[in-house]
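**Q**
2 protein chains.
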Amino acid sequence: MDKTYFSEDILNFEEFIIDASKKLNIDEDTLKNGFKRKLITKYEYNGRKYLCFKKKLKHIERGTILFLNDNLDFIIGYPKIRRAMVLESSVKKYFNGKIAVEEKLDGYNIRIVKMHDEIIAITRGGKICPFTTKKVKKYLNTKFLDDFPELMLCGEMVGLNNPYVNHYYPEADRTYENLGFYIFDVRNKKTNLALSIYEKEKILDEYNIPYVKPIKIIDSNEIDELWNILDDLNENHREGVVLKDPEMIKNPIKYTTHSTQCGDLSIAFSYVYDLGIDFMFSRLVREGYQSFEKCESEEERKKRAHELGESILLPMVETITEISKESVAKECFELYFDSEEEFIEFINYLKTMHINFAVESREYIKKDIFKAKINRIYNSTSDKIKSHLDGNLW
Amino acid sequence: MDKTYFSEDILNFEEFIIDASKKLNIDEDTLKNGFKRKLITKYEYNGRKYLCFKKKLKHIERGTILFLNDNLDFIIGYPKIRRAMVLESSVKKYFNGKIAVEEKLDGYNIRIVKMHDEIIAITRGGKICPFTTKKVKKYLNTKFLDDFPELMLCGEMVGLNNPYVNHYYPEADRTYENLGFYIFDVRNKKTNLALSIYEKEKILDEYNIPYVKPIKIIDSNEIDELWNILDDLNENHREGVVLKDPEMIKNPIKYTTHSTQCGDLSIAFSYVYDLGIDFMFSRLVREGYQSFEKCESEEERKKRAHELGESILLPMVETITEISKESVAKECFELYFDSEEEFIEFINYLKTMHINFAVESREYIKKDIFKAKINRIYNSTSDKIKSHLDGNLW
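Here the protein sequences come in this chain order: W and S.
Counting from 1, one number per residue, gives the positions in the first sequence under the working numbering.
Counting from 1001, one number per residue, gives the positions in the second sequence under the working numbering.
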């Protein structure tokens, strides 16, 4: 039976701190401080308690989870990928030789591991998501993790029918849902050490696991080719690229398209008081650097500016109009489950995550396909806009 | 001779707290806490020490100054004017009957008082500005303050040739400089109690002091007329309106034009890492409400969006380009002084205010006209953009 750390017994907590500190190779004070500042919080999945690191603490990445079992098993968080603001300068500064240009997909980051003889899917933030876990078990060949229990599959879940990021990918069309899962890294689940591009492709091919294929291997001085790739991606409304050292020794770098910046802004300004203003600001600034670096003509620059402006103003006015009629700002998700039980499990998960939502509809559309429409409610946006519509001042 | 509060002597500080607390009618703990949190700081003007309240503390407005003299004379800060986001709703909620619609000028807020037999001009933030003080003495009939020493003249300093806000006003053209001063309120300097619109106009007319004339007195249900006024102001690139209860019993409300929002954004995105992102965000949000309230056509809405986008992107790219050539983001001010001595006094003032600047040129252009070009240096913008141009990641 698992030790029960975290009863009300302080001695027991002290004991846990000593054990966890050894396990994670982090000093006790940092850990204790993490608890005090509520950067480490407790959750439960299928009756198993685990801790989630909400922020990076020393070398322990944000999103790391640690099970409160005898062995204090943990899965390290996915490392932050830094962003180039001026592509050419950053490429020249950080690479020297071959670069694997992979497409960056616009979905949500997931780590898949085997733990207690069970497959689980962990979100970037460090929650075990029952929806994603179910889909992974359904669509992915998880035998890989039986054979390599010390590894984790890191990838992007994409498509229209997930509860986090709705972006249509034609290649993710299935019989009734648009949902795809593409691995981009295979890493050690404790150390984050990654397989090289070649090893990764070889092994994933063997197990027939879908992965993000490099668009091209370029040399670090082929910047024009990189821009060609990005222009293509932009035209097809795709997110951008991750630039990788094929050996995975150097840290990858990311860079996103104009189309993505506009899409992000549209979402941000739809839920204008809920998404942080840092989110908006960073997208605007990226556009400044991109327009500069591309040496755009006056006409091209104005076109970009106009698209930016539309991404900001139009969704904002749409939301204000909606709230003037319906009093609430919401985002709709259409999800498919294998059964009503699975749907209820997911709803309970959303509740424990303190996400505010409303179920719009729920029904079996076939014997084993349960479809639900869930509206995520944006409270700050709803309340603040309603208040101004009522004449309250800033 | 003045008592010297604030020597290193703690007893003396305690004595000051007791006296100031009585004078300002604020509890001692709040005052002490204000010092501890550095919300109250000490400055000096012409050898006289004064305290400046950098934030509102209970009823003591931000920008209040208190002289460290025997009598602890103080001048209360100019009260915050709240903003309508949805004009019609706010007008209906806050007014009932006549509204004096005054133009809101785009300059900087100044309070002029007589203190120690001397005229001083105090900025919104609570600094005695030598530049403004000199101009006020030169251009304004200050006999008014001899006759009413308990009152303060609150107004806007506008025009191209001031060190704070450069916005051209044709009516502020003088022989060699564009600089105007328009009073909007006459208030008691301790209580902020304001004269009615009618009393104010009468008394300022008597002393021949220029003031902001009401554009129109409207009734609180004449919203269409208010929008006509705003549309006119917008076309002429003017800032907006302040709506006042003619008796000045109710608090005024402000509302600004699309043109102002765009102008503010242009400045914000020119010095993109120096001006707060709250500043940018608030301007963007205002545009959402305005576009909604005006029930714009798709074409009108797109035009607004395009102008917004241009106000964001074009200045940002211009600054990045400038920094890629000259390594520095700067804003140029052309100021005119009566003598080189006055110029040096002002430069010393900027230094004590910890404003980073460089003098580009300085010369007598006539016997008693000393012209200086001063560049305000934006350090965060310069450093951060330089760093990204060098390839450093986000």
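A virtual CB, placed ideally from N, CA and C, is assigned to each residue, including glycine.
None of these values were measured; they are calculated from a predicted model.
Going by the CB atoms, is the gap between residue 1122 of chain S and residue 1183 of chain S shorter than 8 Å?
**A** Taking the first residue of the second sequence as position 1, residue 1183 of chain S is located at position 183. Taking the first residue of the second sequence as position 1, residue 1122 of chain S is located at position 122. Against a cut-off of 8 Å, the Cβ pair of residue 1122 of chain S and residue 1183 of chain S comes out as no contact.
**Q** Say whether chain S places a C-beta atom closer than 8 Å to the C-beta of residue 277 of chain W.
**A** Locating residue 277 of chain W in the first sequence gives position 277, counting from the first residue. Yes, residue 277 of chain W counts as interfacial toward chain S.
**Q** With respect to the alpha helix (DSSP H) encompassing residue 90 of chain W, which residues constitute its N-terminal and C-terminal limits?
**A** Locating residue 90 of chain W in the first sequence gives position 90, where the first residue counts as 1. 87-94 is the extent of the alpha helix (DSSP H) around residue 90 of chain W.
**Q** So is the beta-carbon of residue 301 of chain W under 7 Å away from any non-hydrogen atom of the ligand SAH?
**A** By its list of ligands, the structure shown contains no ligand whatsoever, and the ligand SAH lies outside what it can speak to.
**Q** Pick helix, strand or coil for residue 165 of chain W, following the three-state DSSP scheme.
**A** By one-based count along the first sequence, residue 165 of chain W stands at place 165. Of the three classes helix, strand and coil, the one that applies to residue 165 of chain W here is coil, per DSSP.
**Q** Going by alpha carbons, who is nearest to residue 281 of chain W out of S/1287, S/1120, S/1269?
**A** Reading the first sequence from its first residue, position 281 is the one you call residue 281 of chain W. Residue S/1269 is the option with its Cα nearest to residue 281 of chain W.
**Q** What distance in whole Å lies between the Cβ atoms of residue 145 of chain W and residue 114 of chain W, which are believed to be in contact at a cut-off of 8 Å?
**A** Numbered from 1 along the first sequence, position 114 holds the residue referred to as residue 114 of chain W. Numbered from 1 along the first sequence, position 145 holds the residue referred to as residue 145 of chain W. About 4 Å separates the two Cβ atoms, so the contact holds.
**Q** Please give the ranges of any beta strand (DSSP E) in the stretch 25-49 of chain W, keeping only runs that are unbroken, at least 3 residues long and fully inside the region.
**A** List check, beta strand (DSSP E) in window: 40-45.
**Q** Tell me the rounded alpha-carbon separation between residue 1232 of chain S and residue 1174 of chain S.
**A** Position 232 of the second sequence, counted from the start, is the residue given in the question as residue 1232 of chain S. Position 174 of the second sequence, counted from the start, is the residue given in the question as residue 1174 of chain S. Their backbone Cα atoms lie some 25 Å apart in a straight line.
**Q** Mapping DSSP to helix, strand and coil, what is residue 133 of chain W?
**A** Numbered from 1 along the first sequence, position 133 holds the residue referred to as residue 133 of chain W. Here residue 133 of chain W sits in helix by DSSP.
**Q** Taking three-plus beta-carbon pairs below 8 Å as touching, is the stretch 1058-1078 of chain S in contact with the stretch 1131-1141 of chain S?
**A** No, because fewer than three Cβ pairs between the stretch 1058-1078 of chain S and the stretch 1131-1141 of chain S fall closer than 8 Å, the two stretches do not touch.
**Q** Tell me residue 1053 of chain S's beta-bridge partners as DSSP assigns them.
**A** The residue given as residue 1053 of chain S occupies position 53 in the second sequence. S/1040.
**Q** Residues in the same chain with beta-carbon distance under 8 Å from residue 28 of chain W, minus the five sequence neighbours each way, listed in chain order, please.
**A** Position 28 of the first sequence holds residue 28 of chain W. The residues are 17, 18, 21.
**Q** Could you give the first and the last residue of the continuous beta strand (DSSP E) run that contains residue 1142 of chain S?
**A** Here the question's residue 1142 of chain S lines up with position 142 in the second sequence. Run containing residue 1142 of chain S: none; DSSP gives neither H nor E here.
**Q** What separation, rounded to the nearest whole angstrom, lies between the Cα atoms of residue 1319 of chain S and residue 1306 of chain S?
**A** Looking up residue 1319 of chain S in the second sequence gives position 319. Looking up residue 1306 of chain S in the second sequence gives position 306. Answer to the nearest angstrom: the Cα atoms are 20 Å apart.
**Q** Quick check on DSSP: helix, strand or coil for residue 1367 of chain S?
**A** For this step, residue 1367 of chain S is matched to residue 367 along the second sequence. Of the three classes helix, strand and coil, the one that applies to residue 1367 of chain S here is coil, per DSSP.
**Q** At the level of alpha carbons, what is the spacing between residue 171 of chain W and residue 180 of chain W?
**A** For the purposes of this step, residue 171 of chain W is taken as the residue at position 171 of the first sequence. For the purposes of this step, residue 180 of chain W is taken as the residue at position 180 of the first sequence. If I take the Cα positions, the gap works out to 8 Å.
**Q** Thinking just about the alpha-carbon of each residue, which of W/304, W/151, W/300 is nearest to the one in residue 283 of chain W?
**A** Your numbering for residue 283 of chain W matches position 283 in the first sequence. It is W/304 whose Cα lies nearest to the Cα of residue 283 of chain W.
**Q** Quick one: grab the DSSP three-state call for residue 1154 of chain S.
**A** Here residue 1154 of chain S refers to the residue found at position 154 when the second sequence is read from its first residue. Residue 1154 of chain S: strand per DSSP, three-state reduction.
**Q** By the criterion of Cβ-Cβ separation under 7 Å, what are the contact partners of residue 1320 of chain S in chain W?
**A** Here residue 1320 of chain S corresponds to residue number 320 of the second sequence, with the count starting at 1. Here the neighbours are 288, 289, 292.
**Q** List in chain order: all unbroken beta strand (DSSP E) runs of 3+ residues lying wholly within the stretch 189-242 of chain W.
**A** The qualifying runs are 214-219.
**Q** Going along the chain, which unbroken runs of the beta strand (DSSP E) with 3 or more residues stay wholly within the stretch 306-386 of chain W?
**A** Listed in chain order, the complete beta strand (DSSP E) runs (minimum 3 residues) inside the stretch 306-386 of chain W are 329-337, 357-366, 369-378.
**Q** Quick one: list the residues of chain W neighbouring residue 1089 of chain S, beta-carbon separation under 9 Å, in chain order.
**A** For the purposes of this step, residue 1089 of chain S is taken as the residue at position 89 of the second sequence. Within 9 Å Cβ-Cβ: 388, 389, 390, 391, 392.
**Q** Tell me whether the stretch 332-346 of chain W and the stretch 358-377 of chain W touch, counting them as touching only if at least three CB pairs, one residue from each stretch, are closer than 8 Å.
**A** A contact exists between the stretch 332-346 of chain W and the stretch 358-377 of chain W.
**Q** DSSP three-state call for residue 159 of chain W: helix, strand or coil?
**A** One-based indexing of the first sequence puts residue 159 of chain W at position 159. Residue 159 of chain W: strand per DSSP, three-state reduction.
**Q** Is the Cβ-Cβ distance between residue 111 of chain W and residue 78 of chain W less than 8 Å?
**A** As a position in the first sequence, residue 111 of chain W is number 111, starting the count at 1. As a position in the first sequence, residue 78 of chain W is number 78, starting the count at 1. Cβ atoms of residue 111 of chain W and residue 78 of chain W: closer than 8 Å.
**Q** Whose C-beta lies closer than 6 Å to the C-beta of residue 86 of chain W among residues of the same chain, with five residues either side of it excluded?
**A** Position 86 of the first sequence, counted from the start, is the residue given in the question as residue 86 of chain W. Here the set comprises 289, 293.
**Q** Counting only beta-carbon separations shorter than 8 Å, does residue 1382 of chain S have a partner in chain W?
**A** Here residue 1382 of chain S refers to the residue found at position 382 of the second sequence. No, because no Cβ of chain W sits closer than 8 Å to the Cβ of residue 1382 of chain S.
**Q** Which partner residues of residue 976 of chain S appear in the DSSP bridge assignment?
**A** The structure shown has nothing for residue 976 of chain S, since chain S only spans 1001 to 1394.
**Q** Would you list the residues sitting across from residue 186 of chain W in a DSSP beta bridge?
**A** Translated into the one-based positions of the first sequence, residue 186 of chain W becomes position 186. DSSP lists W/153 as partners of residue 186 of chain W.
**Q** From this set, S/1128, S/1148, S/1082, which residue's C-alpha is nearest residue 1043 of chain S's C-alpha?
**A** As a position in the second sequence, residue 1043 of chain S is number 43, starting the count at 1. Ranking S/1128, S/1148, S/1082 by Cα distance to residue 1043 of chain S puts S/1128 first.
**Q** Are there 16 or more other CB atoms within 10 angstroms of the CB of residue 1047 of chain S, so buried, or fewer, so exposed?
**A** Translated into the one-based positions of the second sequence, residue 1047 of chain S becomes position 47. Residue 1047 of chain S is exposed by the Cβ-count criterion.
**Q** Where do the ends of the beta strand (DSSP E) carrying residue 1108 of chain S lie?
**A** Looking up residue 1108 of chain S in the second sequence gives position 108. Looking at the DSSP string, the run of the beta strand (DSSP E) that includes residue 1108 of chain S is 1108-1115.
**Q** Can you tell me which of S/1234, S/1389, S/1148 puts its alpha carbon nearest to the alpha carbon of residue 1326 of chain S?
**A** Position 326 of the second sequence, counting from 1, holds the residue named residue 1326 of chain S. Cα-wise, what sits closest to residue 1326 of chain S is S/1389.
**Q** Name the chain S residues that come within less than 9 Å of residue 216 of chain W, Cβ to Cβ?
**A** As a working mapping, residue 216 of chain W is identified with position 216 in the first sequence. By Cβ distance, chain S contributes nothing, its closest Cβ being about 21 Å from residue 216 of chain W, past 9 Å.
**Q** Measuring CB atoms only, is the stretch 1256-1269 of chain S touching the stretch 1362-1371 of chain S, in the sense that at least three cross pairs come out at less than 8 Å?
**A** Touching, no, given that fewer than three Cβ pairs across the two stretches are closer than 8 Å.
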